[in-house]
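So for the sequence shown, the working numbering puts the first residue at 3; every next one is plus one.
What follows is one structure encoded as structure tokens, with my remarks underneath.
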Amino acid sequence: MNENGVITNIEQLTPERLTNIFKKKGFLSHGKVSKIIIKNSLETETSNYHFLDLNFSNDAQTESVSPEIYVTISKPNDLAKLLGEHEVNFYSIVAETMNEMPILTCYDAAFSEETGLSHIIIETLSKTHINLMDAPLPPLKIYCERAI
């Protein structure tokens with residue numbers, strides 16, 4: 003993690019750090035994140051993407067926290083800096099004012115002007131969407147019907 007709080011490596015996202023993020027933003031009033039499980043990771047030219055499952059302590063109030071989250075950690079290049087800054091601004095400024103819109107819950111977003119690095123922690127779409135990369139092609143009939 004750099005001096006501005008930007009996560010630069012997934013190992014920096016510990017259960018303690020995630021608990022603090024959730025509590026600071028009002029998503030977790032009691033309890034804590036007890037375990038983080040990396041379900042899947044993808045790498046692109048601009049970022050590393052991680053799909054995580056979370057376990058919580060028995061006393062955790064988790065109604066407003068998804069047990070599955072998605073973490074984007076940018077890479078140190080010019081395109082990643084541009085995209086990361088815009089995405090962090092969207093989730094930090096625009097999305098917070100759009101209470102009635104169906105926008106993913108953003109648990110944390112940070113950008114460092116100094117380094118150009120950023121991270122975003124959001125809920126996943128796994129409850130309502132499927133990953134077509136893992137699905138057969140053409141898609142099964144049930145997936146086509148759901149899309150209509």
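C-beta atoms are modelled at their ideal positions from N, C-alpha and C, and glycine is treated no differently.
Only a predicted model underlies this, so the values are computations on that prediction, with no experimental measurement involved.
Cβ-based neighbour list, residue i, same chain, cut-off 6 angstroms, excluding 5 preceding and 5 following
i	result
Pro-69	Leu-56
Tyr-51	Leu-44, Thr-74
Asp-61	His-32, Gly-33
Gly-7	Ala-112
Contact under 8 angstroms by Cβ, residue i with residue j
i	j	result
Glu-13	Ile-71	no
Thr-64	Leu-106	no
Ile-39	Leu-20	no
Lys-41	Pro-17	no
Ile-23	Tyr-109	yes
Spatial neighbours of residue i in its chain, beta-carbon cut-off 8 angstroms, leaving aside the 5 residues before and after
i	result
Glu-89	Thr-74, Ala-111, Ser-120, Ile-122
Nearest residue (CA-CA) to residue i, options the options
i	options	result
Lys-26	Thr-99, Asp-80, Val-67	Val-67
Gly-118	Leu-84, Ala-97, Glu-47, Val-35	Leu-84
Glu-47	Glu-98, Asn-79, Asn-60, Ile-23	Asn-79
Phe-113	Tyr-93, Pro-104, Ala-97, Met-103	Tyr-93
Close beta carbons around residue i, own chain, < 7 angstroms, minus the five adjacent residues each side
i	result
Met-3	For Met-3, the pLDDT reaches just 46, beneath the cut-off of 50, and the residue's location in the model is therefore unreliable, leaving the point undetermined.
Ser-49	Thr-74, Ile-75, Ser-76, Lys-77, Ala-82
Glu-115	none
Contact belief for residue i with residue j at Cβ below 8 angstroms, rounded distance in angstroms
i	j	result
Phe-53	Ser-36	That pair is no contact at about 18 angstroms.
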